[in-house]
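Notes for the one structure printed next.
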Amino acid sequence: MAKASSASSILLFVFMSTILASFLFCSSASTPYESDDEAELEAAAAAATQFVKKTIDSHTIVIFSKSYCPYCRRAKAVFKELEQVPHVVELDERDDGWAIQNAVSKIVGRRTVPQVFINGKHIGGSDDTVEAYESGKLAKLLGVTTSRKDDL
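Going left to right, the sequence shown walks through residues -21 to -1, 1 to 131 as mature numbering (1 follows the signal peptide of the UniProt record, and there is no 0) numbers them.
Structure below.
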């Protein structure tokens, strides 16, 4: 009995650690850009802001994401279900990902990922995207019909 209890405790610890790590990594916006030059930092911020605005304006569906984030995978699954191909910006795979995430956070007021935009309009994060999908709002915004599945 003691071995089963110990194994359960270990599994619970591993599970909770994984959940905590996912939350921290999906919401973090570290700045690997090492510079004391304020002009360089301002230029990087301006370039990132311009990139974000241009990206949102140039694509029907945009997801600012991190490749390892389970919430991002969930949001992407919604569009796969709708047979729509979003333009995905994987922030963790870009040298300027931190600056882009900062620019997105200034627009939407959140530092978390994913952040989803449709037709230039901010939809929200993973929960917001799934809710819009389940209510039919997402299909309406995209002008598609769907045979919605409830397993997202």
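Yeah, the Cβ is synthetic: ideal placement off N, Cα and C, and Gly gets one too. Here the structure is a predicted model, which means the values were calculated and not measured.
Leaving aside the five residues that flank valine 41 on each side, the residues in its chain whose CB is nearer than 6 angstroms to its CB run, in chain order, Thr34, Ile35, His66, Phe96. With a beta-carbon spacing of about 44 angstroms, leucine 20 and threonine 125 fall beyond the 8 angstroms limit used to define contacts. Taking a 10 Å sphere around the C-beta of lysine 32, we find fewer than 16 other C-beta atoms and assign the residue as exposed. Residue range 49 to 60 is occupied by the alpha helix (DSSP H) that includes lysine 55.
CA-CA distance, alanine 18 to lysine 45, rounds to 28 angstroms.
Using a Cβ distance threshold of 7 angstroms, phenylalanine 43 and valine 87 do not count as a contacting pair. Residue environment analysis places lysine 55 among the buried positions, since at least 16 neighbouring C-beta atoms fall within 10 angstroms of its C-beta. Within the DSSP bridge table, the entry for valine 41 names His66, Phe96 as partners.
Take arginine 73, set aside five residues on each side of it, and the residues of its chain with a beta-carbon closer than 8 angstroms to its own are Ile79, in chain order.
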